[in-house]
């Protein structure tokens, strides 16, 4: 509830311990996505939680990293600029691009005005510190509330850009 997406240890376990996640319309959401972009830390944390499961099967998974390059079984590592990458992806035919995380990536894309829609799940948890969903940055944008859906203890809020 307080705007943090991970605790100080970068753990997302608090989210997985919140009732309702299994009810969310994840399958519907993922059906409209063909590319997932995430930071290396988000990738590694998600892989740890998913154990041996492949990362978002059938999707192009791009992991931004300044230390790794090349491909692994379920992702491609990219060490370039996220703004340029997303601009290139938007010029290609395809479906939606999902920005999985983290906060630095979100900030850069907000500053470049490259985020069209938000799907944010809010859990009744106050972390108090950790990694913010919206780090401090030089951006101001307004969005329109599209939908609010309730899944047990999760509220999913959807916003779209105002043109």
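In our numbering, the protein residues as written are 14 to 176. Cβ coordinates follow ideal geometry from the N, Cα and C atoms, glycine included.
Of the candidates 71, 99, 101 and 102, the residue whose Cα lies closest to the Cα of residue 88 is 71. Three or more beta-carbon pairs drawn from the stretch 138–158 and the stretch 98–118 are found closer than 8 angstroms, and the two stretches are therefore classed as touching. The beta strand (DSSP E) runs lying completely inside the stretch 36–79 and spanning 3 residues or more are 46–52 and 73–77, given in chain order.
A residue is called buried once 16 or more other Cβ atoms fall within 10 Å of its Cβ, and residue 51 is buried on that count. Annotated as distal: residue 130 and residue 36, with beta-carbon spacing of 8 angstroms or more. Setting aside the 5 residues that flank it on each side, residue 58 is surrounded in the same chain by 19, 23, 24 and 25, each with a C-beta closer than 8 angstroms to its C-beta; the list follows chain order. The three-state secondary structure of residue 139, taken from DSSP, is coil. About 16 angstroms separates the Cβ atoms of residue 99 and residue 90, ruling out a contact at the 8 angstroms cut-off. For residue 174, the enclosing beta strand (DSSP E) covers residues 167–174.
The alpha-carbon of residue 27 is positioned some 15 angstroms away from that of residue 168.
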